[in-house]
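One structure below.
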Amino acid sequence: MSNLGLPAGIDFGRPIRSLRWFGGRVSLRFDIKTATICLTLLAIALVVALVTLASGDYQVPLPDVVRALLGQGEGRIHMVVVEWRLPRTALALLLGAALGMGGAIFQSLTRNPLGSPDIIGFDAGAFTGALIVITLLHGSYYAIAGGALFGGLVTALVVYALAYNRGVQGFRLIIVGIGVSAMLTALNTWILLRAKLEVAMAAAIWGAGTLNGLDLDRLFPAMIILAVLMPLAMLMSRPMGQLELGDDAARALGVNAERTRLALLVLGVALTATVTATAGPIGFVALSAPQLARRLTGTASVAILPAAAMGALLLAVADFVAQRAFAPTQIPVGIVTVSLGGIYFVWLLLREARRQ
Amino acid sequence: MTVAVTSHDRARQEEKRPGLAQTNATRFVWLLLAIAVLLCVILASIAVGSKDIALGTVFEALFAYNDSDDHAIILALRVPRTLMGLTVGAALGVAGALIQALTRNPLADPGVLGVNAGAAFFVVLAVGLLGITAIQGYIWFAFLGAIVTTVVVYLVGSAGRNGATPVRLTLAGVAIGAVLGGVSAGIALLNPATFDRMRQWNAGSLVAPGYETLWSVLPFILLGLAIAIAMARRLNAVALGDDLAAALGANMRRTRGFVVLAVTLLAGGATAAAGPIGFVGLMVPHVARWIAGPDQRWILAFTIVLSPVLLLTADVVGRLVMRPGELQVGIVTAFVGAPVLILLARRRKVSGL
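Line by line, the protein sequences give chains H and E.
If you read the first sequence in the numbering used here, its first letter stands for residue 67, the second for the next number, and so on.
If you read the second sequence in the numbering used here, its first letter stands for residue 35, the second for the next number, and so on.
The following block contains the structure:
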């Protein structure tokens, strides 16, 4: 029985296990290597988060941080760690995961490692929307979030429509994205020039993407929205992989291709838009997290869960750097991610060149 | 003489793209026409502004100066600004034409290749970290930044056996531009004074007091133009592809080196003097090709004349749209240029020249 005429020790591919509950009506199929890598990435992200919680103007020893998180810290440490620092660090993990997921969805849909909302002008448009609210209407935090959402979505739609010419090609989408972004950037430069210096600086910090000054009140809306979106994205992860086989093959596997694509598109935009509305346009995480995760897991295409874990790790590290690099001045986290992401991009280009 | 042009013929014409002017004589007439337009734009640039000055007064100020207010405005502000537009415009246009010919990519533009981000990065270093605030001081930093970035982008983009393919160069420019832009923004946001200076520099403007800025960059731009003109014939060989060019006896390595040097001098000098001004280098060579056809010598000649036309017109428009305030010229060119880029990208064959 154990030997079906095959030589022993042959590699049948990646070890995969399935868990079944309720007599097989609910089942979970997972790849052991991917699961191990996801857990490892998350563990590292949590360690980075702990270190971030411990460091700052007021240093807290790591054991005290853990005690405070478990609700056993003394008054002052509890205040610093749980009330001041925890919302921001938790948000870094959460938003990072959301960006990773959104990026994975976009890249899978466009079958292009460059498919990401920041390439197609979403960020520049969101900044324009936010700038108008900040400088002209002097809106509140929530008004800014609304303006950013509106601006970003309209821009993404315009870019998509302009790039549409009997189907959308990756290269054309990118060039049109660059063009529309250039126009919006010029508009943004002009709005910034006309504003008062303090207002302009505050707006520029928002435009870079920042976690500074995020407190519990601002954490909750994002948490609630993401608590709905993220499980949905995970549920879509199988049909997303099947869709990559091409519409016909996906249909043969029982996937409704058009409906799945639309659902994925809405989910991807919603995930990214939530992050932008909460913390401003944080660039390059959505672009690089899925690709980095794919290289680690060694899978053929991008996957949602590893991308989420990688995104959380990337943003946690970037947030630590943003807080500590020029301490006591805190730089916007988006500046760190853009710099790191660009370096990753250059490395990718050079590596590809060597392989040719 | 009506000839029915079939769609097949039209497609063949599209492939060859002979240009509007078919013979050298007609090209010469077109060039004279372009020069005439340039002269008109120069006069407009001197006459139009927050205070309109009659054309008669403009001539009077140029040829029979007296100490009136109008004459002072013309000689101290309008003329230097117009000369700056002429120099910077020609430099940006020719840099664009060269880089498009070299990469055989009609979408290449010194700005897309990261020159502006590099210049801005070095300016922010000079202003933010070294505390240099005089324009004369950070002009050289802008120049150095442009040079270093062009070279790095070209090296990254041309690594590997396939050399500098258009897509790779664009990607390298975008990626390196993003890194430098991120770091620049970070440094600028550390200090309100730096931020204030950078937001003004970023808009791109031809306004500079007096002639000092112009004299600083003029030698480099003239040298760049000279190299460009000397290289024009070799660029025609480049258009045939590396192998064929080598077979015709062109030393590709040396040609490439000289062209990159010229682009760096031109784009670096222009950006140092006026800040980042995009899209002039992208658009004008297309217009030049459209008029003159594929010969690089004629393309360069038309580019040198037409680029200042575009830049000065954008500058005049910038002075008119928000009177008595002004819209910076870099903002106007982006608003005119980005739609052109999108149109080009929508056409079917974008990457082949």
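Backbone N, C-alpha and C define an ideal beta-carbon position, used for all residues, glycine too.
Residue span of the alpha helix (DSSP H) that contains residue i, given as start and end
{"i": "residue 324(H)", "result": "323–345"}
{"i": "residue 206(H)", "result": "Element bounds for residue 206(H): n/a, residue is neither H nor E."}
{"i": "residue 121(E)", "result": "113–137"}
{"i": "residue 360(H)", "result": "351–363"}
{"i": "residue 88(E)", "result": "Where residue 88(E) is concerned, there is no enclosing alpha helix (DSSP H), given that its DSSP letter is neither H nor E."}
{"i": "residue 150(E)", "result": "149–158"}
{"i": "residue 100(E)", "result": "No alpha helix (DSSP H) holds residue 100(E); DSSP gives it neither H nor E."}
{"i": "residue 376(E)", "result": "363–380"}
{"i": "residue 53(E)", "result": "Neither: residue 53(E) is in no alpha helix (DSSP H) and is coded neither H nor E."}
{"i": "residue 120(H)", "result": "98–120"}
{"i": "residue 82(E)", "result": "Unbroken run through residue 82(E): none, as it is neither H nor E."}
{"i": "residue 307(H)", "result": "303–309"}
{"i": "residue 389(H)", "result": "370–390"}
{"i": "residue 314(H)", "result": "313–318"}
{"i": "residue 394(H)", "result": "Run containing residue 394(H): none; DSSP gives neither H nor E here."}
{"i": "residue 134(H)", "result": "128–135"}
CA-to-CA distance, residue j to residue i, given in whole angstroms
{"i": "residue 266(H)", "j": "residue 206(H)", "result": "15 Å"}
{"i": "residue 331(E)", "j": "residue 307(E)", "result": "27 Å"}
{"i": "residue 350(E)", "j": "residue 103(H)", "result": "59 Å"}
{"i": "residue 151(E)", "j": "residue 98(E)", "result": "44 Å"}
{"i": "residue 363(H)", "j": "residue 269(E)", "result": "47 Å"}
{"i": "residue 281(H)", "j": "residue 142(E)", "result": "45 Å"}
{"i": "residue 178(H)", "j": "residue 110(E)", "result": "54 Å"}
{"i": "residue 316(H)", "j": "residue 307(H)", "result": "9 Å"}
{"i": "residue 295(E)", "j": "residue 262(E)", "result": "9 Å"}
{"i": "residue 119(E)", "j": "residue 309(E)", "result": "12 Å"}
{"i": "residue 411(H)", "j": "residue 190(E)", "result": "11 Å"}
{"i": "residue 299(E)", "j": "residue 242(H)", "result": "29 Å"}
{"i": "residue 288(H)", "j": "residue 209(H)", "result": "15 Å"}
{"i": "residue 322(E)", "j": "residue 340(E)", "result": "8 Å"}
{"i": "residue 248(E)", "j": "residue 304(E)", "result": "10 Å"}
{"i": "residue 191(H)", "j": "residue 350(H)", "result": "16 Å"}
{"i": "residue 227(H)", "j": "residue 131(H)", "result": "50 Å"}
{"i": "residue 105(E)", "j": "residue 270(H)", "result": "41 Å"}
{"i": "residue 258(H)", "j": "residue 113(H)", "result": "39 Å"}
{"i": "residue 60(E)", "j": "residue 327(E)", "result": "12 Å"}
{"i": "residue 79(E)", "j": "residue 337(E)", "result": "19 Å"}
{"i": "residue 320(H)", "j": "residue 176(H)", "result": "21 Å"}
{"i": "residue 247(H)", "j": "residue 116(H)", "result": "37 Å"}
{"i": "residue 68(E)", "j": "residue 324(E)", "result": "14 Å"}
{"i": "residue 160(E)", "j": "residue 175(E)", "result": "7 Å"}
{"i": "residue 188(H)", "j": "residue 251(H)", "result": "12 Å"}
Any chain H beta carbon closer than 8 Å to residue i
{"i": "residue 234(E)", "result": "yes"}
{"i": "residue 140(E)", "result": "no"}
{"i": "residue 308(E)", "result": "no"}
{"i": "residue 230(E)", "result": "yes"}
{"i": "residue 202(E)", "result": "yes"}
{"i": "residue 224(E)", "result": "yes"}
{"i": "residue 372(E)", "result": "yes"}
Contact with chain E by residue i, beta-carbon distance below 8 Å
{"i": "residue 398(H)", "result": "yes"}
{"i": "residue 20(H)", "result": "What the structure shows of chain H is the stretch from 67 to 422, and residue 20(H) is not part of that stretch, so it cannot be assessed."}
{"i": "residue 392(H)", "result": "yes"}
{"i": "residue 257(H)", "result": "no"}
{"i": "residue 411(H)", "result": "yes"}
{"i": "residue 252(H)", "result": "yes"}
{"i": "residue 415(H)", "result": "yes"}
{"i": "residue 408(H)", "result": "yes"}
{"i": "residue 197(H)", "result": "no"}
{"i": "residue 245(H)", "result": "yes"}
{"i": "residue 228(H)", "result": "yes"}
{"i": "residue 161(H)", "result": "no"}
Cβ-Cβ separation, residue j to residue i (assumed contact under 8 Å), whole Å
{"i": "residue 292(H)", "j": "residue 381(H)", "result": "No, residue 292(H) and residue 381(H) are not in contact; Cβ-Cβ is about 13 Å, not under 8 Å."}
{"i": "residue 22(H)", "j": "residue 279(H)", "result": "With chain H covering only 67 through 422, there is no way to say anything about residue 22(H)."}
{"i": "residue 123(E)", "j": "residue 319(E)", "result": "Not confirmed; about 13 Å, so no contact."}
{"i": "residue 193(E)", "j": "residue 419(H)", "result": "4 Å"}
{"i": "residue 170(H)", "j": "residue 368(H)", "result": "5 Å"}
Mind listing, in chain order, the continuous beta strand (DSSP E) runs of no fewer than 3 residues lying wholly within the segment 206–260 of chain E?
Considered as a whole, the segment 206–260 of chain E harbours no complete run of any beta strand (DSSP E) with no fewer than 3 residues.
Alpha helix (DSSP H) runs contained entirely in the segment 272–306 of chain E, provided each spans 4 or more residues:
Taking only runs of at least 4 residues, the alpha helix (DSSP H) segments lying wholly in the segment 272–306 of chain E are 276–281.
Entirely within the segment 312–356 of chain E and at least 4 residues each: give me those alpha helix (DSSP H) ranges in chain order.
Listed in chain order, the complete alpha helix (DSSP H) runs (minimum 4 residues) inside the segment 312–356 of chain E are 314–326 and 330–355.
May I have a chain-ordered list of the alpha helix (DSSP H) segments no shorter than 4 residues that lie completely inside the segment 216–296 of chain H?
Segments of the alpha helix (DSSP H) lying fully in the segment 216–296 of chain H: 236–260 and 263–274.
Continuous beta strand (DSSP E) assignments of at least 3 residues falling wholly in the segment 145–192 of chain H:
Taking only runs of at least 3 residues, no beta strand (DSSP E) segment lies wholly in the segment 145–192 of chain H.
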